[in-house]
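Residues in the sequence shown are numbered from 8 upward in steps of one, following our numbering. Even glycine gets a Cβ: it sits at the ideal position worked out from N, Cα and C.
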Amino acid sequence: MSTDNSTYSLILLAGGNSERMGEDKALKLLKGKTFIDHILEASEEITDHQMIISDHLNHHKRYEYVLPDLIKNKGPLGGIYTGLYHSKTKVNFVVSCDTPFINKKVFESLLLHNNPNYEVIHYKNNPLIGIYKKELSNFLHQTIVEDKLSVRKALSQVKTKTIHNKHLNQYVKNINTPEQFTNALKNY
């Protein structure tokens with residue numbers, strides 16, 4: 008499979024159990040749109056390919072580009088691996104489904120920091136919003152086979168750049184609990 012250096016893909020991780028939320032947070036509605044829809048819209052001008060990584064049947068019914076995990080029950084690392092495996096682009100944006108405030112500026116900021124010397128470029132304290140290079144696929148597969156599933160530990164073994172942009176903090180916040188969701192509704 009050849010990779011395209013001039014385009015970008017979105018790998019949207021939506022396969023979690025949403026235990027703290029108590030229901031599928033990827034399909035929660037914020038201003039009439041699901042969390043997934045907010046993220047897809049924010050990335051559509053920058054990405055040429057979008058993938059939703061999820062084993063949830065509701066996602067498969069609603070969206071056409073949903074891919075199941077290649078290796079089941081391996082958490083976010085398994086989702087990232089699945090996306091990279093299927094990606095046809097060298098540069099891939101990985102975003103978790105619990106970040107509905109993300110916007111185009113977040114993706115543009117990541118691209119400004121994109122550098123061939125790094126395999127991953129991600130936001131400080133949030134490794135699930137970042138650029139992941141296609142070349143990581145084999146490494147992540149081996150890490151998963153060894154059942155080493157910590158994203159942070161995996162990233163500590165590759166060339167990673169962490170970025171911080173205080174002006175974008177509000178757009179990279181996670182919503183994981185009913186309380187956080189209630190606050191989001193008030194402040195959005």
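Item	Value
Own chain, CB closer than 6 Å to N144, minus 5 neighbours either side, in chain order	A small fix is needed here, since residue 144 is Ser in this sequence, not Asn. Cβ neighbours of S144 beyond the five flanking positions: L91, Y92.
Min CB distance F108 to chain B below 7 Å	Looking at the structure shown, chain B is missing, and only one protein chain is on hand.
Nearest-angstrom Cα separation, counted from D62 out to E30	15 Å
Proximity below 7 Å, CB of G82 to CB of D76	no
Residue of P107, K166, T169, L162 minimising C-alpha distance to F188	P107
Backbone CA spacing between S116 and E142 [nearest angstrom]	21 Å
7 Å Cβ cutoff met for L17 and T54	yes
Secondary structure of Y88, DSSP reduced to three states	helix
Exposed unless 16 or more other CB atoms sit within 10 angstroms - verdict on L74	buried
Alpha helix (DSSP H) runs wholly inside the segment 71 to 155, at least 4 long, in chain order	82 to 93, 111 to 120, 144 to 152
C-alpha distance - L175 paired with K168, whole-angstrom precision	17 Å
As assigned by DSSP and simplified to three states, the class of Y209	Nothing about residue 209 can be read from this structure; the chain reaches only from 8 to 195.
Rounded Cβ spacing between Y201 and V102 (contact assumed at less than 8 Å)	Given a span of 8 to 195 for the chain in the structure shown, any question on residue 201 remains unanswerable.
7 Å Cβ cutoff met for I46 and I151	no
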